[in-house]
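In what follows, a structure is listed as structure tokens, so that the remarks can point back to it.
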Amino acid sequence: MKLFQQVCLLSACAALLLGLAGTACGEEGPSGRVYTVGSNGEIPGVLFPREVDYEEFLAQCGSQELYWSEWDSDVFAIEWNREAFDSAVSGGKTEFSMEGTYALPGDCPEELRELWDAGLVTMPEPPETTVWVRPRDFVTTYFQEPEDLPAVEVYRGAGFEEAVRFAGMVELRQGEEEKVYDPVTAWFRVSWSREDYELGMADGEKTSFEISGSYLGPDDTRLEGWVQAAGAPRLVVNVKQPPAEAEVYYDPAYGGAGAAVRTLYVTPDADFDALALPDEVTLMRLGQNGNYRDFAVTWNRDEFEDGLASGADSFAVSGAYGPGASWPQEELDWWGSLILLDEGTPDPQLTVHVVQEKKYPFTADIVNEGDLVPLFTFPWLNGAEEVACAFSLDDETWYQEATDWAWSGDPATGRVAFTVRIYDDDYDILPIPPDAAVYVKLIVTGSALAGETDVFVLKPPADGGGSWDMTPYDDQGGDHGGGGQGEHDRPGREDGGSGAASGLTFRELLEMVKRLLPAPAPVQPLSPPEVLEPSYSAAPAPEPEERPAPSKAPEPADSAAPAPAGRPQKEDGGQAARLPAEVRQPEAEQALAAAPEEGPQAVPPTDASPEAAPPAPAPGPEAAPEPVAVQEGVAIPGYAVAVAATAALILGGAALFCRRDKGK
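Taking mature numbering (1 follows the signal peptide of the UniProt record, and there is no 0), I'd label the letters of the sequence shown as residues -26 to -1, 1 to 638.
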């Protein structure tokens, strides 16, 4: 056989081996799965403390999660023998074992179902579990531990009912030897001995004593007949002694929302008994954070009635602290001696403003809180239950949101500041145009001025600054209750956070700036630069020897059209050819831009011969390399490459051997 024939034969063998290896890799079938129960996958036993229910058994043991990798798992159904379960229960067994089989669940993934049907799923050992059934005559016994004795604290002389009113139940615990068919702890109702309590109180020397009682049954009626309490309950009664030193209290909310400073708005016909004033306040013990006591607050009725009769627009009413309504008799005796107020705690102060208007007064403004929203500010008139703040953009379609004193009121000022936010079905806030007029009004429930107020219109200021002007609506006249015309503390004037200027959005502000700037000059398209002749003679390039043309790589589908004649094609896939003419960078400018960084270079040939090297692409975004298209295909495994390499080595060795043998 000639050398050429030997080479061809060995090459065909190598290609055949490589093709077989690639085919075997490409046609590899799906791999199987081996499932395990995992670290915590064992099925726990099922305990029936009351009635036995097979459906409850399935709810606890009807499925199990199995793992086929460290992180991947599937849930399988478990099929149990229903006949064996019913037979064991009807036979009176209190403990028996069950063995089941794994099955695909109803919502099984299609991939798992295909593997299951192909026999490529390996399951663990069949599942097992234990069932415990409570014997019908089993009763759980609970005990009262010595360290769990309940205790009450009362003053000497307190009645029996007062002492035990919060001790009607005790919590007991199971014994350690009991099987847990019932809760570990359970509450039992008790009845205490009045005789033991009175005997303990009669002994004036005792500061603590115990009383006994009897159990009345479990508090949870579902445990009736299944549980019992052992022994008799005991209760510890501690007799509270007078404090060794005086307790001093102060108002932590002084100057804020406490009762020390209050402001009230009333009408001239207000009744003192109908005033919504606090009659109790909580003060904190000095030096002991978390220790509080309730004190009563009383207001001077004579000062209120005299101030109202004087016709003054406002007047002051004094108040005083006193013992709380819940204080026992012993603590009432300590007031002023063992229970004191801090010297720095002032007496409660009340400022009363008399509203003379016939309509509920208020002011409104448009403020910018991320969106333009109406802000309503008004005093909370005594007797008002709810106030709805309403606005409209056309005086026909109204939007409103209600508030009350507990939600928005400030006790120190007696006023409410409330912004209305209306959202559509998509939870987007209803926009208010910056140049639109907004109609506003209040709808009041309760008080002497209940009903709707007059309608006012908010108009954006012409100068673009400050708050919006609030004026009565054009078709209304008469007294408008001073809405926005008699109040100088309108919100938004101090901080400049309201009005038309603050209502501009960023986009609108940007458009305003663009209008103020001069128009930019039109951009003229760049003309192609003139090709400069070299200022020195360059040595002619040697004649290239003929060689086969290199094969071209496949062009991507979105490549640009070829470069025009006389201009070499860009190496970046025609990036410059795809750009508009006015932003295309000529090759001469690219060479000049690259010269400071790359050093002196020879001037490239000016002719359009194929041997002329293309200029280097200019740096910058225009010269960014095109993304290389990666052709998807089947990856050849390592062992196939190894087989091909072995065949190539054999081929090379045979060729060398044949040539050497022929040379001999």
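Positions of the beta carbon are idealized from the N, C-alpha and C atoms, including for glycine.
**OP:** Within 10 angstroms of the Cβ of Y9, are there 16 or more other Cβ atoms? Answer buried if so, exposed if not.
**Re:** Against the sequence shown, residue 9 aligns to sequence position 35. Flag for Y9 reads buried.
| said: Taking its Cβ as the centre, do 16 or more other Cβ atoms sit within 10 Å of I624, making it buried, or is it exposed? | reply: As a first step, residue 624 must be located in the sequence shown, where it is residue number 650. It counts as exposed.
Proximity to A424 [Cα-Cα], best of V390, A376, L355, G174:
Start at 1 with the first residue of the sequence shown, and residue 424 comes out as number 450. Among V390, A376, L355, G174, the Cα nearest to that of A424 belongs to L355.
| request: Give me whichever residues DSSP pairs with A160 in a beta bridge. | output: The residue you call residue 160 lines up with position 186 of the sequence shown. L146, per the DSSP bridge assignment.
Quiz item: Which residues in the same chain as S37 place their Cβ atom closer than 7 Å to its Cβ, once the five residues preceding and following it in sequence are excluded?
Solution: Along the sequence shown, read from residue 1 onward, the residue named residue 37 stands at position 63. So the qualifying residues of the chain are V49, F50, A51, I52, P79.
* Asked: How close, in whole Å, do the beta carbons of F22 and F59 come, if the pair is a contact with beta carbons under 8 Å?
  -> By 1-based counting over the sequence shown, the position of residue 22 is 48. By 1-based counting over the sequence shown, the position of residue 59 is 85. The Cβ separation is near 11 Å, so there is no contact.
So, under 8 Å CB-CB, I417 and Q374 are touching, yes? Tell me the CB distance rounded to an integer number of Å. The residue labelled residue 417 in the question sits at position 443 within the sequence shown. The residue labelled residue 374 in the question sits at position 400 within the sequence shown. Confirmed, Cβ separation roughly 7 Å.
* Asked: Of the choices E331, V164, E169, L89, whose alpha-carbon is the least far from that of D428?
  -> Along the sequence shown, read from residue 1 onward, the residue named residue 428 stands at position 454. Looking at the Cα atoms, E331 is the closest of the given residues.
Are R259 and Y223 closer than 7 Å when you measure CB to CB?
-> Residue mapping note: residue 259 aligns to position 285 of the sequence shown, counting from 1. Residue mapping note: residue 223 aligns to position 249 of the sequence shown, counting from 1. Cβ atoms of R259 and Y223: closer than 7 Å.
query: Which residue spans inside the segment 297 to 348 form an unbroken beta strand (DSSP E) run of at least 3?
result: If we require 3 residues or more, the beta strand (DSSP E) runs fully inside the segment 297 to 348 come out as 313 to 315, 323 to 328, 337 to 342.
Would you call the segment 140 to 160 and the segment 171 to 180 touching, i.e. three or more CB-CB distances under 8 Å?
-> no
Cβ neighbours of S300 in the same chain (closer than 8 Å, five flanking residues each side left out): As a position in the sequence shown, residue 300 is number 326, starting the count at 1. Same-chain partners within the cutoff: D268.
Inset, instruction - Using the Cα positions of D463 and L324, report the straight-line distance between them to the nearest angstrom. - result: Locating residue 463 in the sequence shown gives position 489, where the first residue counts as 1. Locating residue 324 in the sequence shown gives position 350, where the first residue counts as 1. Residue confidence for D463 is low, a pLDDT of 38 falling below 50, so the modelled location carries little weight; the figure read from the coordinates is stated next. Whole-angstrom Cα-Cα distance: 21 Å.
What does S292 pair with, by DSSP beta-bridge criteria?
Here residue 292 corresponds to residue number 318 of the sequence shown, with the count starting at 1. Answer by DSSP bridge pairing, in chain order: Q323.
Within its chain, find whatever has a CB closer than 6 Å to the CB of G298; leave out the 5 residues flanking it on each side and keep chain order.
Here residue 298 refers to the residue found at position 324 when the sequence shown is read from its first residue. For G298, where only same-chain residues beyond five positions count, the Cβ hits under 6 Å are D268, F269, A270.
DSSP beta-bridge partners of G12
Taking the sequence shown and counting its residues from 1, one reaches residue 12 at position 38. Looking at the DSSP assignment, G12 forms no beta bridge with any residue, so it has no partner.
Notebook entry, point to check: Counting along the chain, where does the beta strand (DSSP E) carrying R168 start and finish?
Noted result: On the sequence shown, position 194 is the one that residue 168 refers to. Note, R168: premise wrong, no beta strand (DSSP E); alpha helix (DSSP H) at 168 to 176.
Note to self: Check whether chain C comes within 7 Å of F112, counting only Cβ atoms and requiring the distance to be less than that.
What the structure shows: The structure shown has no chain C; it contains just one protein chain.
Query raised in the report: Who are the Cβ neighbours of L306 in its own chain at under 6 Å, not counting the five residues just before and after it?
Result: Against the sequence shown, residue 306 aligns to sequence position 332. If we look at L306 and ignore the five residues flanking it on each side, its Cβ neighbours are P297.
- Message: Suppose the cutoff is 8 Å on Cβ atoms and the five residues either side in sequence are ignored; what does the same chain contact list for P109 look like?
- Response: Mapped onto the sequence shown, residue 109 falls at position 135. Only T68 meet the Cβ criterion.
Discussion item. What would DSSP say about P192, mapped onto helix, strand or coil?
Written reply: Position 218 of the sequence shown, counting from 1, holds the residue named residue 192. In the three-state reduction of the DSSP assignment, P192 falls in the strand class, which pools E and B.
Cβ-based neighbour list, A290, same chain, cut-off 8 Å, excluding 5 preceding and 5 following: By 1-based counting over the sequence shown, the position of residue 290 is 316. So the qualifying residues of the chain are E277, G281, Q323, L324, T325, V326.
Check your understanding: Quick one: what's got a C-beta closer than 6 Å to E39's C-beta in the same chain, skipping five residues either side?
Key -> Here residue 39 refers to the residue found at position 65 when the sequence shown is read from its first residue. The residues are S47, V49.
Are there three or more Cβ pairs, one per stretch, closer than 8 Å when the segment 394 to 409 is compared with the segment 343 to 353? The segment 394 to 409 is in contact with the segment 343 to 353.
request  = Output the boundary residues of the beta strand (DSSP E) element that contains D122.
outcome  = Here residue 122 refers to the residue found at position 148 of the sequence shown. Taken as a continuous stretch (DSSP letters only), D122 belongs to no beta strand (DSSP E), as it is neither H nor E.
Practice prompt. Taking 7 Å as the cut-off, decide whether the C-beta atoms of I313 and E219 are in contact.
Written response: Working through the sequence shown from its first residue, we reach residue 313 at position 339. Working through the sequence shown from its first residue, we reach residue 219 at position 245. Result no, Cβ atoms of I313 and E219 do not sit closer than 7 Å.
- R87 in three-state terms, based on DSSP: Numbered from 1 along the sequence shown, position 113 holds the residue referred to as residue 87. Of the three classes helix, strand and coil, the one that applies to R87 here is helix, per DSSP.
Cβ separation of G19 and V105, assumed to be a contact under 8 Å, to the nearest whole Å: Your numbering for residue 19 matches position 45 in the sequence shown. Your numbering for residue 105 matches position 131 in the sequence shown. With a Cβ gap of about 7 Å, G19 and V105 count as contacting.
Checklist entry - Should V154 be labelled buried (16 or more other beta-carbon atoms within 10 Å of its own) or exposed? => result Position 180 of the sequence shown, counting from 1, holds the residue named residue 154. Its Cβ having fewer than 16 others within 10 Å, V154 is exposed.
Under three-state DSSP, which class holds Q374? Within the sequence shown, residue 374 is the residue found at index 400, counting from 1. Of the three classes helix, strand and coil, the one that applies to Q374 here is strand, per DSSP.
inquiry  = Can you look up A539 in the DSSP assignment and give me helix, strand or coil?
reply    = For the purposes of this step, residue 539 is taken as the residue at position 565 of the sequence shown. Because the pLDDT of A539 is 41, which lies under 50, any placement of that residue in the model is unreliable, and the number read from its coordinates should be weighed accordingly. In the structure shown, A539 sits in coil (DSSP, three-state: anything other than H, G, I, E or B).
* In three-state terms, what does DSSP make of E102? -> Sequence index remark: in the sequence shown, residue 102 carries index 128 (1-based). If DSSP states are grouped into helix, strand and coil, E102 belongs with the strands.
Could you check where the alpha helix (DSSP H) with Y28 kicks off and where it finishes? Counting from one through the sequence shown, the residue named residue 28 turns up at place 54. That run of the alpha helix (DSSP H) goes 28 to 35.
Nearest to S288 (by Cα), restricted to the options Y239, E29, L94 | Mapped onto the sequence shown, residue 288 falls at position 314. The option with the nearest alpha carbon to S288 is Y239.
(Q) Let me make sure I understand the geometry here. Which of L197, P101, E426, T181 has the alpha-carbon closest to that of A125? (A) Locating residue 125 in the sequence shown gives position 151, counting from the first residue. In this structure, T181 is the residue among L197, P101, E426, T181 with its C-alpha nearest to the C-alpha of A125.
(request) Give every residue of the same chain whose Cβ lies closer than 6 Å to the Cβ of R389, excluding the five residues on either side of it in the sequence, and list them in chain order. (result) The residue you call residue 389 lines up with position 415 of the sequence shown. Cβ neighbours of R389 beyond the five flanking positions: P353.
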